[in-house]
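Novice: Once you've had a glance at the structure underneath, I'll fire off some questions.
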Amino acid sequence: MYWQLTSSGHLPDEYDVAVIEGAATTGEHIETLRKVRETAAVVIALGTCAVTGGIPALAGTLDYDARYGVVYGDGIAVARGRQVPVPVTSVIAVDYQVPGCPIDPAEFVKVLSRALMGLKDAIPVDPMCAICKTEENICFLDQGKACLGLVTRTGCGAKCVSLSRPCTGCRGLSPEANLPAARRVYADKGLDPAELDRLFDLYNAAREVVL
Amino acid sequence: MFFRVIDKARLPDLVKGLATEYEVIAPIAKGEQFVYAAVTDPADMRLDYDTTLLPPKRFFFPSEETLMRFRVADNEVLDDEVYAAPRVLFGLHPCDINALLLMDNVFSGKYEDPYYLRRREQTLLIGISCTPSETCFCNVWDTNEVHWGFDVFLTDLGDRYFASCRTVKGAEILDRFVENRQVTDQDTTDFQSVVHGFKNSFKRVADTTQLPVLLDAKFDSPIWDEFGDRCLSCGACSMVCPTCYCFDVEDRLEPDQKSGVRVRTWDSCQFKEFAAVAHGQNFRESRASRVKYRYYHKQWGYLSKFERVLCVGCGRCARACPAGITPENVIAALQTGEVR
Amino acid sequence: MTAIQESAQRDIEANPYRPWPARITSITDLTDKEKLFELRLIDEDVREAFQFESGQFVELSIFGVGEAPVSISSAPSKQGFIELCIREAGDVTGAMHRKKCGDVVGLRGPYGRGFPFTEMKGHDVLLVAGGLGIAPLKSLINHIHDDRHEFGKVTILYGAKSPAEVLFRYQFDMWQHRDDFDLILTVDQPDETWTGETGLVTRLFDKIDVDPANTYGAICGPPVMYKYVIEEMRKKDMDVDRIYVSFERRMKCGVGKCGHCGVGHQYTCVDGPVFNYWEAMNLQGAI
Chain A
1 MYWQLTSSGH LPDEYDVAVI EGAATTGEHI ETLRKVRETA AVVIALGTCA
51 VTGGIPALAG TLDYDARYGV VYGDGIAVAR GRQVPVPVTS VIAVDYQVPG
101 CPIDPAEFVK VLSRALMGLK DAIPVDPMCA ICKTEENICF LDQGKACLGL
151 VTRTGCGAKC VSLSRPCTGC RGLSPEANLP AARRVYADKG LDPAELDRLF
201 DLYNAAREVV L
Chain B
1001 MFFRVIDKAR LPDLVKGLAT EYEVIAPIAK GEQFVYAAVT DPADMRLDYD
1051 TTLLPPKRFF FPSEETLMRF RVADNEVLDD EVYAAPRVLF GLHPCDINAL
1101 LLMDNVFSGK YEDPYYLRRR EQTLLIGISC TPSETCFCNV WDTNEVHWGF
1151 DVFLTDLGDR YFASCRTVKG AEILDRFVEN RQVTDQDTTD FQSVVHGFKN
1201 SFKRVADTTQ LPVLLDAKFD SPIWDEFGDR CLSCGACSMV CPTCYCFDVE
1251 DRLEPDQKSG VRVRTWDSCQ FKEFAAVAHG QNFRESRASR VKYRYYHKQW
1301 GYLSKFERVL CVGCGRCARA CPAGITPENV IAALQTGEVR
Chain C
2001 MTAIQESAQR DIEANPYRPW PARITSITDL TDKEKLFELR LIDEDVREAF
2051 QFESGQFVEL SIFGVGEAPV SISSAPSKQG FIELCIREAG DVTGAMHRKK
2101 CGDVVGLRGP YGRGFPFTEM KGHDVLLVAG GLGIAPLKSL INHIHDDRHE
2151 FGKVTILYGA KSPAEVLFRY QFDMWQHRDD FDLILTVDQP DETWTGETGL
2201 VTRLFDKIDV DPANTYGAIC GPPVMYKYVI EEMRKKDMDV DRIYVSFERR
2251 MKCGVGKCGH CGVGHQYTCV DGPVFNYWEA MNLQGAI
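Protein chains in written order, with this note's numbering: chain A, 1 to 211; chain B, 1001 to 1340; chain C, 2001 to 2287.
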């Protein structure tokens, strides 16, 4: 196992399985990713930042340089070759994805197991409401409160809602999400339809490049 | 049938008595809504509930259950025993009992589902009369009345319950656990007045005339595209439905990859991949075709086999659908050609 | 049924979801994507109880991976062994392709309604297959072959994408030199070695004579094929209730519970997978 955060040693030239966390934020990241893809038999994107760009991608909206300046001051290059943060999935093809902020370790184990068995990625594609209903949660939308479960990729067991917090969309947009219909639902429930998109940006600002 | 009258104040005795031998499941409050849950103190029960978030089907057909444990090496089943403890479901409304009767048809027959049926055998059902809520439309399908499928049915006569005992077991538990008396003519008169009042208190009506024919004749109607545009494909309707029984099956391996469990989970025909086959063909690719299929199956597919529609008018899907797609608007749209 | 078969039947019925171990006794590479597996149920009583008809399917079960419906390719008369022609498409079929001779997998079944073999006796039969659709029809062809004298003229039209994708070629080559069957093969994309017909299977109808009052049709192929083949059969005046089609759907449980294989108002797994055209016409969205 090679874990770059804990070692400054050189990365190996080949991998059987590469598990990649985090968004790509520098040119060097992009290069590393491409090299890993060429040599690894299996690539797994782990966590929301790697899968959807997550919160780092939020920085990429509007004027990234100006925002960077606000934090680090003008003219200071903290990260060489920095670029607008993007998800791993937009740079290289990945074989498996484990979204979530944080991830569900059980889901990661399941994905590893599938990878070892040579099975296809079985990442859920549907929105979350179904599993939320099986948990007998009281719907936030019915209470006039914004929740993103109706467009977010299922698979987390609706943990947040079960703990009385609305879904914040950390697992990314469900490929089956019906966004125009979801905006109409917001309007019907007395919420601003634009609020759906605004809230969704938190973990999914880079959704254009993901889809 | 065999009838008894129970003083309302004595009902907790019945629950306490049952709790000595069974797990008692009854409606309790969750926020401003209700759920079925295990109760030990009769005071927690809320027999005045309108409906529950999930129907009682999960006590026979859980949202997730292990079918069998297996060993990979020789593809051998290690254990497929069905574990079902004695249980009482207390306080079911007529719609939910009728729903179980519809589920029974599916899980029995030529291929008996041991998991569902074993739990069904191990469970006593005690029904209770209700007051229609805003979303109830059981009157449309005649499922506001229930004549079998329960052990005891309690009709609320104000200060007492008119108890109909359908089974030997039902009669037995009444006699063992709660003080009761014979029915008088006055009790029967009051019973009649209560059930008439109930029947006349429904607010919802739906024109179900020739629905199976309309579903076929209007199969290509644009109403389905409109419902498809609205549908979130979230499957909430199927989860809360007391008669939706579709399931998916998946294998989960232990970390050592040597053994594992085969698990079944609730599924929904509203999910994109529900009708897709491995070669890539998806027989219900569009949202519209999936919404349509749900109604087509409930109002005609099931009917063609079991002579009943697969809906009991409990109104849960109408409450649960974020997009406001309800059986009432679908049926109305089929009749009028317009989506309201 | 013998007492042993009855007791095995009871074991099977006790849990219809329980797969029974079956050993792979032979594997034949048919094309790049398809292999023919011969399987033998290990438990003798279960094996005895496994009686099927052409057109029925089994659930192939590989623990740790899942289950997939596969139609049976061998004839019912081939006792003790079951042949499955499997294309590598999903997880289960992929895992099956990695299995070796002697490995053990699971089987449940047989399920569904097959072809009306007894009813077809005494008549001509016209079988039309496209691609992998030959798999269930091969069971029927072999079964007819066993009782060949009971049938009239038997015609097989079979279309594949390319010569390399023609399944059971060895058997067709054998049959082509016999009078038992009139066999016409066609491919969409011929190569330089191909001497047979080219184009879609529907084009072969010009080359055959059909006695409509006396002919049963059996069709299996990719979903797009049915409509056009049925049109050709109808042009030949064949009766709607003598044209039989076999459908592929997602038969997940095989026993009419899980709902995945719903087609129109029916379930493919228990009401089909073989339907006559009159029934199929009444299944919304089937063809």
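Just so it is clear, CB atoms sit at the ideal spot from N, CA and C, and this is done for glycine as well.
With C-beta atoms as the reference, is D1207/B less than 9 Å away from I1331/B?
Specialist: Reading the second sequence from its first residue, position 207 is the one you call residue 1207/B. Reading the second sequence from its first residue, position 331 is the one you call residue 1331/B. Against a cut-off of 9 Å, the Cβ pair of I1331/B and D1207/B comes out as a contact.
Novice: Considering only residues of the same chain and omitting the five flanking positions on each side of P1132/B, which have a CB-CB separation below 6 Å?
Specialist: As a working mapping, residue 1132/B is identified with position 132 in the second sequence. For P1132/B, where only same-chain residues beyond five positions count, the Cβ hits under 6 Å are S1201, F1202.
Novice: Name, in chain order, the residues that DSSP records as bridge partners for M1068/B.
Specialist: Here residue 1068/B refers to the residue found at position 68 of the second sequence. Beta-bridge pairing links M1068/B to R1262/B.
Novice: Would you say S1133/B reaches chain A, if we count a Cβ-Cβ gap shorter than 9 Å as a contact?
Specialist: As a first step, residue 1133/B must be located in the second sequence, where it is residue number 133. Chain A contact via Cβ: absent.
Novice: Since L1102/B contacts L1232/B with CB under 8 Å, what's their CB separation in whole angstroms?
Specialist: In the second sequence, the residue the question calls residue 1102/B occupies position 102. In the second sequence, the residue the question calls residue 1232/B occupies position 232. No, L1102/B and L1232/B are not in contact; Cβ-Cβ is about 26 Å, not under 8 Å.
Novice: Buried or exposed for K2035/C, going by 16 or more other Cβ atoms inside 10 Å?
Specialist: Counted from its first residue, the third sequence places residue 2035/C at position 35. K2035/C comes out buried.
Novice: How would you call D1159/B, buried or exposed, if buried means at least 16 neighbouring beta carbons within 10 angstroms?
Specialist: As a first step, residue 1159/B must be located in the second sequence, where it is residue number 159. Exposed: under 16 other Cβ atoms inside 10 Å.
Novice: Can you tell me whether Y15/A is helix, strand or coil according to DSSP?
Specialist: Working through the first sequence from its first residue, we reach residue 15/A at position 15. Residue state, collapsed to three classes: coil.
Novice: Where does the unbroken beta strand (DSSP E) through V970/B begin, and where does it stop?
Specialist: Nothing in the structure corresponds to residue 970/B, since chain B is present only between 1001 and 1340.
Novice: Where does F1283/B sit, in a helix, a strand or coil, going by DSSP?
Specialist: Indexing the second sequence from 1 puts residue 1283/B at position 283. If DSSP states are grouped into helix, strand and coil, F1283/B belongs with coil.
Novice: In whole angstroms, what is the alpha-carbon distance linking G2152/C and G2217/C?
Specialist: Start at 1 with the first residue of the third sequence, and residue 2152/C comes out as number 152. Start at 1 with the first residue of the third sequence, and residue 2217/C comes out as number 217. Approximately 13 Å, taken between the alpha carbons.
Novice: How about G2090/C: is its C-beta nearer than 9 Å to some C-beta of chain A?
Specialist: Within the third sequence, the letter at position 90 stands for residue 2090/C. By this cut-off, G2090/C is an interface position.
Novice: Assuming F1247/B and D1267/B form a contact by the criterion Cβ under 8 Å, report the distance between their Cβ atoms to the nearest whole angstrom.
Specialist: Residue numbering aside, residue 1247/B sits at position 247 when the second sequence is read from its first letter. Residue numbering aside, residue 1267/B sits at position 267 when the second sequence is read from its first letter. With a Cβ gap of about 5 Å, F1247/B and D1267/B count as contacting.
Novice: Against chain C, does R1287/B count as a neighbour if the rule is that its beta carbon must be under 9 Å from one of theirs?
Specialist: Locating residue 1287/B in the second sequence gives position 287, where the first residue counts as 1. Not one chain C Cβ lies under 9 Å of R1287/B.
Novice: Let me know the secondary structure DSSP gives F2205/C once reduced to three states.
Specialist: Translated into positions along the third sequence, residue 2205/C becomes position 205. Residue state, collapsed to three classes: helix.
Novice: Closest by CA to T2031/C, which one among Q2176/C, I2086/C, A2129/C?
Specialist: As a first step, residue 2031/C must be located in the third sequence, where it is residue number 31. Taking only the C-alpha atoms, the option nearest T2031/C is I2086/C.
Novice: Mapping the DSSP letters down to three states, classify I2287/C as helix, strand or coil.
Specialist: For the purposes of this step, residue 2287/C is taken as residue 287 along the third sequence, with counting starting at 1. Reduced to three states, the DSSP call for I2287/C is coil.
Novice: Drop a sphere of 10 angstroms on the beta-carbon of L2183/C, count the other beta-carbons inside from all chains shown, and report buried for 16 or more, exposed for fewer.
Specialist: For this step, residue 2183/C is matched to residue 183 along the third sequence. So L2183/C counts as buried.
Novice: Apart from the five residues just before and just after W2278/C, which ones in its own chain have a Cβ nearer than 6 Å to its Cβ?
Specialist: The count along the third sequence starts at 1 and reaches residue 2278/C at position 278. Answer for W2278/C: V2240, D2241, listed in chain order.
Novice: Please list the segments of the beta strand (DSSP E) lying wholly inside the segment 2205-2231 of chain C, counting only runs of 3 or more residues, in order along the chain.
Specialist: With a minimum length of 3 residues, the continuous beta strand (DSSP E) runs that stay inside the segment 2205-2231 of chain C are 2215-2220.
Novice: Alpha carbon to alpha carbon, how far is L196/A from L11/A? Give it in angstroms, no decimals.
Specialist: Counting from one through the first sequence, the residue named residue 11/A turns up at place 11. Counting from one through the first sequence, the residue named residue 196/A turns up at place 196. Rounded to the nearest angstrom, the two C-alpha atoms are 41 Å apart.
Novice: Between the beta-carbon of G2285/C and the beta-carbon of F1219/B, is there less than 9 Å?
Specialist: Along the third sequence, one-based indexing puts residue 2285/C at 285. Along the second sequence, one-based indexing puts residue 1219/B at 219. Yes, the Cβ-Cβ distance between G2285/C and F1219/B is below 9 Å.
Novice: Rounded to whole angstroms, how far is the Cβ of K1169/B from the Cβ of D1151/B, which I believe are closer than 8 Å?
Specialist: In the second sequence, the residue the question calls residue 1169/B occupies position 169. In the second sequence, the residue the question calls residue 1151/B occupies position 151. That belief holds up - the Cβ atoms of K1169/B and D1151/B are roughly 5 Å apart, short of 8 Å.
Novice: Pairing CB atoms from the segment 2035-2052 of chain C with CB atoms from the segment 2004-2015 of chain C, are three or more of them under 8 Å?
Specialist: Yes: the two stretches touch, three or more of their Cβ pairs being nearer than 8 Å.
Novice: Report buried or exposed for T1243/B, applying the criterion of at least 16 other Cβ atoms within 10 angstroms of its Cβ.
Specialist: Numbered from 1 along the second sequence, position 243 holds the residue referred to as residue 1243/B. Buried, because 16 or more other Cβ atoms sit within 10 Å of the Cβ of T1243/B.
Novice: Would you kindly report the start and end of the unbroken alpha helix (DSSP H) that includes R2298/C?
Specialist: Because residue 2298/C is not part of the residues shown, which for chain C are 2001 to 2287, the question remains open.
Novice: G1228/B to S1108/B, Cα distance in whole Å?
Specialist: Translated into the one-based positions of the second sequence, residue 1228/B becomes position 228. Translated into the one-based positions of the second sequence, residue 1108/B becomes position 108. Rounded to the nearest angstrom, the two C-alpha atoms are 33 Å apart.
Novice: Report yes or no: is there a C-beta of chain C within less than 9 Å of the C-beta of D1251/B?
Specialist: Taking the first residue of the second sequence as 1, we reach residue 1251/B at position 251. D1251/B counts as touching chain C.
Novice: Figure out for me which residue from V36/A, V17/A, I55/A has the closest Cα to the Cα of F200/A.
Specialist: For the purposes of this step, residue 200/A is taken as the residue at position 200 of the first sequence. Out of V36/A, V17/A, I55/A, I55/A has the C-alpha closest to the C-alpha of F200/A.
Novice: Let me check one thing: in DSSP terms, what residues is Y186/A bridge-paired to?
Specialist: Taking the first sequence and counting its residues from 1, one reaches residue 186/A at position 186. Y186/A is not bridged to any residue.
Novice: I need the DSSP call for G2259/C, collapsed to helix, strand or coil.
Specialist: Taking the third sequence and counting its residues from 1, one reaches residue 2259/C at position 259. Here G2259/C sits in coil by DSSP.
Novice: As a quick exercise: from G2264/C, D2091/C, V2104/C, D2179/C, pick the residue whose alpha carbon is nearest that of S1304/B.
Specialist: Within the second sequence, residue 1304/B is the residue found at index 304, counting from 1. Ranking the options by Cα distance to S1304/B, first place goes to G2264/C.
Novice: Since G2106/C and P2019/C should fall inside the 8 Å C-beta cutoff, what is the C-beta to C-beta distance between them, to a whole number of angstroms?
Specialist: Position 106 of the third sequence, counted from the start, is the residue given in the question as residue 2106/C. Position 19 of the third sequence, counted from the start, is the residue given in the question as residue 2019/C. That pair is a contact at about 3 Å.
Novice: Mapping the DSSP letters down to three states, classify F2057/C as helix, strand or coil.
Specialist: Residue numbering aside, residue 2057/C sits at position 57 when the third sequence is read from its first letter. F2057/C falls in the strand class under three-state DSSP.
Novice: Using a cut-off of 7 Å between C-beta atoms, extract the partners of A1320/B located in chain A.
Specialist: Start at 1 with the first residue of the second sequence, and residue 1320/B comes out as number 320. K133, listed in chain order.
Novice: Is it right to say E38/A is buried, meaning 16 or more other beta carbons lie within 10 angstroms of its own, or is it exposed?
Specialist: By one-based count along the first sequence, residue 38/A stands at place 38. Result: exposed.
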